[in-house]
Amino acid sequence: MTRVKAIRFHEHGGSDVLKLEDITLPDPGPGEARVRNTAIGLNFYDVYERKGLYSIELPATPGTESAGVIEALGEGVMDLEVGDRVAALTGPGNYAEAINVDAGQLVRLPPGIDDRTAAACMTKAMTVEYLLERCFQIRRGQTILFHAAAGGVGLIACQWATTLGARVIGTVSTQAKADLARQNGCDVPVIMAQEDLVERVRQETGGKGVPVVYDSIGKDSFDASLDCLARRGTMVSFGQSSGEPEPFRPLLLAQKGSIYITRPGMWDYAATRGELLASAERVFSMIASGKVKITIGQTFGLDETAAAHDALENRQTVGSTVILP
Amino acid sequence: MATAIRMHAAGGPEVLRVEEVAVGDPGPGEVLIGHSAVGLNFIDTYQRSGLYPMALPATLGMEAAGVVEVLGDGVNGIEVGDRVAYPMTGGAYCTERTIPADKVVKVPDSVDDNTAAAMMLKGMTAEYLLHRTFPVEAGQTILFHAAAGGVGLIACQWAKAMGVTVIGTVSTDAKAELARAHGCDHPIVTSREDIAARVKEITEGKGVPVVYDSIGADTFEASLASLSPRGMMVSFGQSSGPVTSFNPAVLAAGGSLYYTRPGLANYIATREDLELSGKRLFDVVGSGKVSIKVNQTYALTETGQAHRDLEGRKTTGSTVLLP
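Protein chains in written order, with our numbering: chain A, 252 to 576; chain B, 40 to 362.
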């Protein structure tokens with residue numbers, strides 16, 4: 252048993268429900284490990300948890316990823332040791348000085364990956380890995396559309412897709428974000444308030460449209476995304492920062508050119524320990540080789556977590572955000 | 040002059056009239072074909088009844104086989120005397136017609152005219168579904184609804200030839216036997232069996248990587264429930280009515296599923312795709328791996344009777360009209 256500081260919320264709501272509290276952490280149970288966090292990643296998912304979009308038992312500690320050092324092991328953990336530097340994935344509960352986690356969700360960090368980078372990017376980069384390499388396999392020479400190209404996932408996706416030889420059209424909200432996206436490999440940033448997205452995509456693709464759209468915006472972008480697709484293209488709806496898309500008529504997919512739609516979640520793409528490790532390995536090699544660089548735009552202390560949420564929700568963050576316990 | 044079956048108003052089979060029509064010379068890029076056999080499809084009856092409105096007067100018919108008689112200017116790769124067939128080009132109920140040369144494919148000697156005319160739509164549909172919408176692989180187990188239907192019987196044989204285990208839904212025991220005789224390994228009689236439960240049982244709890252569903256509203260939920268994580272729902276028809284609108288979140292809840300609503304037109308829109316589809320279809324039929332049963336023929340002038348019999352469910356397998 253040990254006492255640690257953790258962020259908790261006792262009810263759903265705005266960032267003011269996030270409280271820094273002292274909690275007692277029991278010894279790790281069978282199959283678990285205790286990780287002393289050195290850096291905690293901030294994700295939009297955490298905001299949804301806080302708001303109550305995803306069911307979670309209260310009181311709860313938000314968080315989906317962190318990095319740190321194993322300080323204790325429960326029974327039956329075979330492939331990890333005390334002192335290992337690890338990333339803890341797919342929380343919940345990472346917003347704390349230390350956490351007990353299912354050892355099956357821990358990935359040992361190689362020397363080339365520092366703790367802040369790991370905490371900042373593992374969930375986002377593994378999301379990019381499954382989106383671009385498995386959910387729809389990007390091929391060299393393709394032109395793709397990636398929404399929110401200057402967001403945490405977007406900046407990684409732009410670099411990754413470029414490495415795969417694809418040309419990236421990316422949507423952004425401001426000129427500053429357009430510049431940032433461009434620096435990260437986005438070939439054609441489209442500022443949503445200033446341009447007609449569908450027209451621009453048609454223009455950039457010789458009228459054909461793109462074979463795939465990656466859309467984490469949801470409601471506000473859904474219709475335009477379908478109109479950007481080439482015949483038999485795939486709509487990958489992997490988030491809903493503007494709200495859930497309206498229900499759609501399946502026949503619409505026939506009318507738009509026999510298109511496909513999928514709504515993936517990482518849990519189905521890292522469903523086994525083997526898949527999780529393979530995905531993490533792919534991420535490590537992309538970062539270690541310098542092909543994908545992680546931009547940590549801001550850091551916050553654990554006691555400043557509410558301010559971190561506010562910044563994320565108000566679109567004031569750049570790149571990834573890390574909380575330092 | 041050619042003989043054509045035309046309609047001047049939507050209605051019952053009686054609106055189909057035998058008329059003499061002038062056929063012009065083929066324009067640039069066109070050929071004139073003398074038909075030897077014309078395929079009959081359910082969509083023809085929908086167009087006749089007014090369910091699918093047509094500009095009138097109209098000549099129905101979506102597929103046929105025949106011989107090239109005259110070439111327009113600038114036609115390459117096809118000669119007078121070539122045996123050809125085509126899908127998805129309205130106006131087939133006639134003795135001869137002009138048609139863009141890039142809409143027809145050459146028919147090999149291994150496939151006779153009646154078979155070609157009967158199978159272009161259904162066979163190319165089975166081709167794009169199994170080879171392109173979701174390319175099935177040997178060793179997989181798939182679910183194909185309406186396995187004893189026109190497309191279903193072709194798909195069962197074809198999937199079997201590709202090394203796939205086929206679970207198929209049917210409405211009666213007689214149809215279950217028919218499907219089984221065409222390669223369906225596990226017919227499910229939907230009036231008395233729970234589709235998703237049977238699929239889970241057959242696949243030892245895993246579910247199938249793909250469901251091909253032409254039934255629509257009645258089977259939507261069972262289809263999604265039959266899929267394994269990251270599986271694909273291919274909705275290619277709605278014989279029981281259209282699937283109601285749904286939120287993409289349904290696909291996440293089902294296990295990061297994919298959904299598509301394909302149509303043949305989008306899979307044969309380019310010359311390359313049309314030829315690819317035609318080649319695969321002729322190869323699989325020519326080699327005997329897929330057999331097409333043309334169980335009824337009617338003279339073109341008796342097309343009204345053919346419609347009556349089709350709508351009265353008196354036909355089995357495929358039907359062709361003979362000019």
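All C-beta atoms in this analysis are idealised placements derived from N, C-alpha and C, irrespective of residue type, glycine included.
Here the structure is a predicted model, which is why all the values come from computation and not from measurement.
Determine, using beta carbons only, whether Ala157(B) and Gly78(B) come nearer to each other than 8 Å.
In the second sequence, counting from the first residue as 1, residue 157(B) sits at position 118. In the second sequence, counting from the first residue as 1, residue 78(B) sits at position 39. Yes, the pair counts as a contact, with Cβ atoms nearer than the cut-off.
Helix or strand or just coil, what does DSSP make of Ala579(A)?
Limits of chain A in this structure are 252 at one end and 576 at the other, which puts residue 579(A) out of reach.
Taking any Cβ of chain A, which residues in the segment 263 to 284 of chain B have a Cβ under 7 Å from it, in chain order?
Pro268, Arg269, Ser274, Pro281, Val282 and Ser284
Distance cutoff 8 Å, beta carbons only. Does Pro281(A) sit that close to anything in chain B?
Taking the first sequence and counting its residues from 1, the one referred to as residue 281(A) is at position 30. Chain B, which has no Cβ nearer than 8 Å to the Cβ of Pro281(A), makes this no.
Give the secondary structure of Gln344(B) by DSSP, where H, G and I count as helix, E and B as strand, and everything else as coil.
Along the second sequence, one-based indexing puts residue 344(B) at 305. Three-state result, Gln344(B): helix.
So, at 6 Å on beta carbons, what are the nonlocal neighbours of Pro126(B) in its own chain, with the 5 sequence-adjacent residues on each side left out?
Here residue 126(B) refers to the residue found at position 87 when the second sequence is read from its first residue. Result list for Pro126(B): Glu102, Met159, Leu160 and Met163, in chain order.
So Glu495(A) contacts chain D; which residues on that side make the cut at Cβ distance below 7 Å?
Here the protein chains are A and B, and chain D is not one of them.
Given this structure, state the Cα-to-Cα distance separating Tyr298(B) from Gly344(A), to the nearest angstrom.
Stepping through the second sequence from its first residue, residue 298(B) is reached at position 259. Stepping through the first sequence from its first residue, residue 344(A) is reached at position 93. Taking the straight line joining both Cα atoms gives about 33 Å.
Considering just the uninterrupted stretch of the alpha helix (DSSP H) at Met12(B), what are its terminal residues?
What the structure shows of chain B is the stretch from 40 to 362, and residue 12(B) is not part of that stretch, so it cannot be assessed.
Name the chain B residues that come within less than 8 Å of Gly508(A), Cβ to Cβ?
Residue 508(A) sits at position 257 when you count from the first residue of the first sequence. Within chain B, the residues near Gly508(A) are Asn305.
With DSSP collapsed to three states, give me the class of Pro67(B).
Residue 67(B) sits at position 28 when you count from the first residue of the second sequence. Reduced to three states, the DSSP call for Pro67(B) is coil.
Grab the span of the alpha helix (DSSP H) containing Phe260(A) for me, first residue to last.
Position 9 of the first sequence, counted from the start, is the residue given in the question as residue 260(A). Taken as a continuous stretch (DSSP letters only), Phe260(A) belongs to no alpha helix (DSSP H), as it is neither H nor E.
Less than 8 Å between the CB atoms is what I'm expecting for Ser295(B) and Pro515(A), so what's the real figure, rounded?
Start at 1 with the first residue of the second sequence, and residue 295(B) comes out as number 256. Start at 1 with the first residue of the first sequence, and residue 515(A) comes out as number 264. About 4 Å separates the two Cβ atoms, so the contact holds.
Can you check which of these residues, His225(B), Glu311(B) and Glu69(B), is closest to Val109(B) by C-alpha distance?
Residue numbering aside, residue 109(B) sits at position 70 when the second sequence is read from its first letter. When only C-alpha atoms are compared, the closest one is Glu69(B).
Close-in-space but distant-in-sequence residues of the same chain around Ala475(A) (CB under 7 Å, 5 per side omitted)
As a working note, residue 475(A) is residue 224 in the first sequence. Same-chain partners within the cutoff: Leu448 and Val449.
Could you check what DSSP says for Met537(A) in three-state terms: helix, strand or coil?
Counting from one through the first sequence, the residue named residue 537(A) turns up at place 286. Met537(A) carries a helical assignment under DSSP once its states are collapsed to helix, strand and coil.
8 Å is my cut-off, CB to CB: does Ser488(A) come that close to chain B?
As a working note, residue 488(A) is residue 237 in the first sequence. By this cut-off, Ser488(A) is an interface position.
Option in Glu135(B), Ser284(B) and Val289(B) with minimal Cα separation from Met40(B)
As a working mapping, residue 40(B) is identified with position 1 in the second sequence. Of the listed residues, the one whose Cα sits closest to Met40(B) is Glu135(B).
Reduced DSSP secondary structure (H/G/I, E/B, other) of Phe551(A):
For the purposes of this step, residue 551(A) is taken as residue 300 along the first sequence, with counting starting at 1. Three-state DSSP puts Phe551(A) in a strand.
Could you check where the beta strand (DSSP E) with Phe397(A) kicks off and where it finishes?
Locating residue 397(A) in the first sequence gives position 146, counting from the first residue. Phe397(A) -> beta strand (DSSP E) spans Thr394 to Phe397.
Restricting to Cα atoms, I'd like to know which of Phe275(B), Lys332(B) and Thr342(B) is closest to Gly356(B).
Stepping through the second sequence from its first residue, residue 356(B) is reached at position 317. The residue with the shortest Cα to Cα distance from Gly356(B) is Lys332(B).
Would you tell me roughly how many angstroms separate the C-alpha atoms of Val543(A) and Leu168(B), rounded to the nearest one?
Counting from one through the first sequence, the residue named residue 543(A) turns up at place 292. Counting from one through the second sequence, the residue named residue 168(B) turns up at place 129. Rounded to whole angstroms, Val543(A) to Leu168(B) spans 37 Å at the Cα level.
So, does the segment 563 to 573 of chain A touch the segment 50 to 58 of chain B, judging by three or more C-beta pairs under 8 Å?
no
Which listed residue (Leu71(B), Val114(B) and Ala49(B)) has its alpha carbon closest to that of Thr98(B)
Here the question's residue 98(B) lines up with position 59 in the second sequence. For the options Leu71(B), Val114(B) and Ala49(B), the alpha carbon positioned closest to that of Thr98(B) is the one of Ala49(B).
Three-state class that DSSP yields for Tyr306(B) in the structure shown
As a first step, residue 306(B) is located in the second sequence; it is residue number 267 there, counting from the start. Helix at Tyr306(B).
Quick one: is Ala194(B) near chain A, going by C-beta distance under 8 Å?
Sequence index remark: in the second sequence, residue 194(B) carries index 155 (1-based). False, the Cβ-Cβ gap to chain A never drops below 8 Å.
Note down, one range per segment and in chain order, each beta strand (DSSP E) of at least 3 residues found wholly within the segment 235 to 307 of chain B.
You should have 247 to 252, 266 to 274 and 297 to 299.
Ordered along the chain, which non-local residues of its own chain (more than five positions away) have a Cβ less than 6 Å from that of Pro240(A)?
Within the shown structure, residues of chain A are numbered from 252 to 576, placing residue 240(A) beyond reach of any answer.
So the beta strand (DSSP E) Asp273(A) belongs to, where does it begin and stop?
In the first sequence, counting from the first residue as 1, residue 273(A) sits at position 22. Unbroken beta strand (DSSP E) run through Asp273(A): Lys270 to Leu276.
If I follow the unbroken alpha helix (DSSP H) through Val298(A), where does it start and stop?
Position 47 of the first sequence holds residue 298(A). Taken as a continuous stretch (DSSP letters only), the alpha helix (DSSP H) holding Val298(A) covers Phe295 to Lys302.
According to the neighbour-count rule (16 or more other Cβ atoms, all chains shown, within 10 Å of its Cβ), is Gly458(A) buried or exposed?
By one-based count along the first sequence, residue 458(A) stands at place 207. Exposed.
Assigned exposure category for Met329(A) - 16 Cβ within 10 Å defines buried
Here residue 329(A) is taken as the residue at index 78 of the first sequence, counted from 1. It is exposed - the Cβ of Met329(A) has fewer than 16 other Cβ atoms within 10 Å.
Reference Asp151(B), options Glu58(B), Ser326(B) and Glu341(B), closest by Cα:
For the purposes of this step, residue 151(B) is taken as residue 112 along the second sequence, with counting starting at 1. Looking at the Cα atoms, Ser326(B) is the closest of the given residues.
How do the segment 334 to 350 of chain B and the segment 74 to 91 of chain B stand: do at least 3 beta-carbon pairs fall below 8 Å, yes or no?
yes
The beta strand (DSSP E) with Glu108(B) in it runs from where to where?
The residue given as residue 108(B) occupies position 69 in the second sequence. Counting along the chain, the beta strand (DSSP E) containing Glu108(B) begins and ends at Ala103 to Leu110.
So within the segment 176 to 205 of chain B, which uninterrupted alpha helix (DSSP H) runs reach at least 4 residues, ignoring any that extend past its ends?
189 to 200
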